[in-house]
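A.B. asks: Counted the way mature numbering (1 follows the signal peptide of the UniProt record, and there is no 0) counts, the sequence shown spans residues -23 to -1, 1 to 203.
From the three backbone atoms N, C-alpha and C, an ideal C-beta is built for every residue, glycine too.
Take a look at the following structure, please.
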Amino acid sequence: MNSLKFISTLLPFLLLLLHAATAIRFDIQNKCSYTIWPAVLPHGGGRRLDSGQTWTLSFQNGPKLAKVWARTNCTFDSSGKGKCLTGDCGGQLNCTTFGSPPHTKAEYGLNDFGRKDYYDVSVLDGYNLPMEMTPTTNGCTRSVKCAAEDIVANCPSQLKVDGGCQNPCTVFKTTEYCCHAGECRPTDMSRFFKSRCRDAFTYPQDDPTSTFTCPESTSYRVVFCP
Ligand SMILES: *[C@@H]1O[C@H](CO)[C@@H](O)[C@H](O)[C@H]1NC(C)=O
Ligand SMILES: *[C@@H]1O[C@H](CO)[C@@H](O)[C@H](O)[C@H]1NC(C)=O
């Protein structure tokens, strides 16, 4: 067998191996005592998830980026149109656009060059539900969460809305809170979140204490009300 023939015989198997190696999985669990409507974008959409249920998503190649959040107090008609109190994505059950604030979110990103996964739990779009993200493969184990029970109840009055607590950038839209230019620092408002969720992204330049990494192609569990 010449080497070209050998390679062309082997190629489908090599591709299959590569494929298997890059498949990752998100297990999204609702441990809240009530129904929630989680969403995953840009791939995944959104659905209803009753208390105790798990939604498993498998991605064959990637994704390069994903955000996971949950909507609360939703009503939808049989065609999947309706609305939610928090996290609403244009009134659709199966989301195609990001949710409106406030909503706690877990984020995942792939660095093609570093061959690493980045992940975090963020309150840059505010907070509506306790949330935890945990790597489940590749020997990666560092769990990150924002799950302080009193965030909505004790939310500063300027940030408080029905069902959640806004990030100060959403409300005030100033450079101080949004870091539109240059360096910025934590604020008393962002410290309200940081003191309760030390692993969470609480203002736009919160990276050093809030971004975690795993080897490329790690799978994750995302738990609401951990
Ligand atoms: C929701 O949208 C995704 C694409 O974003 C699609 O793969 C999925 O099948 C849709 N689910 C339903 C129930 O329509
Ligand atoms: C939203 O849903 C929760 C859980 O079912 C419930 O306790 C709460 O009263 C609802 N809030 C509103 C404003 O309907």
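(1) Does ligand 1 have even one heavy atom less than 7 Å from the beta-carbon of Thr111?
(2) Who are the Cβ neighbours of Gly86 in its own chain at under 6 Å, not counting the five residues just before and after it?
(3) Report the CB separation of Ala16 from Val199 in whole angstroms; it is logged as a contact under 8 Å.
(4) Grouping DSSP H, G and I as helix and E and B as strand, with all else coil, what is Cys191?
(5) Roughly how far, in whole angstroms, is the beta-carbon of His80 from the beta-carbon of Asn105, given that I think they are within contact range, below 8 Å?
(6) In its own chain, which residues sit with a C-beta less than 7 Å from the C-beta of residue 219, not counting the 5 before and 5 after it?
(7) Just jot down, in chain order, the residues whose CB lies closer than 5 Å to any heavy atom of ligand 2.
(8) Going by alpha carbons, who is nearest to Cys9 out of Gly29, Cys174 and Thr111?
(9) If you follow the alpha helix (DSSP H) that Asp165 is in, where does it begin and where does it stop?
C.D. replies: Looking at the coordinates:
(1) Here residue 111 refers to the residue found at position 134 of the sequence shown. It does not: the Cβ of Thr111 is nowhere closer than 7 Å to a heavy atom of ligand 1.
(2) Locating residue 86 in the sequence shown gives position 109, counting from the first residue. Answer for Gly86: Leu42 and Tyr95, listed in chain order.
(3) Along the sequence shown, one-based indexing puts residue 16 at 39. Along the sequence shown, one-based indexing puts residue 199 at 222. Between Val199 and Ala16 the Cβ distance is about 11 Å, and since that is not below 8 Å, they are no contact.
(4) For the purposes of this step, residue 191 is taken as the residue at position 214 of the sequence shown. Reduced to three states, the DSSP call for Cys191 is strand.
(5) Taking the sequence shown and counting its residues from 1, the one referred to as residue 80 is at position 103. Taking the sequence shown and counting its residues from 1, the one referred to as residue 105 is at position 128. Their Cβ separation, rounded to whole angstroms, is 5 Å, which keeps His80 and Asn105 in contact under 8 Å.
(6) Look at the range of the chain in this structure, -23 to 203, and you will see that residue 219 is not part of it.
(7) Tyr11 and Asn50
(8) Sequence index remark: in the sequence shown, residue 9 carries index 32 (1-based). Considering only alpha carbons, the answer is Gly29.
(9) The residue you call residue 165 lines up with position 188 of the sequence shown. Segment Asp165 to Lys171, the alpha helix (DSSP H) holding Asp165.
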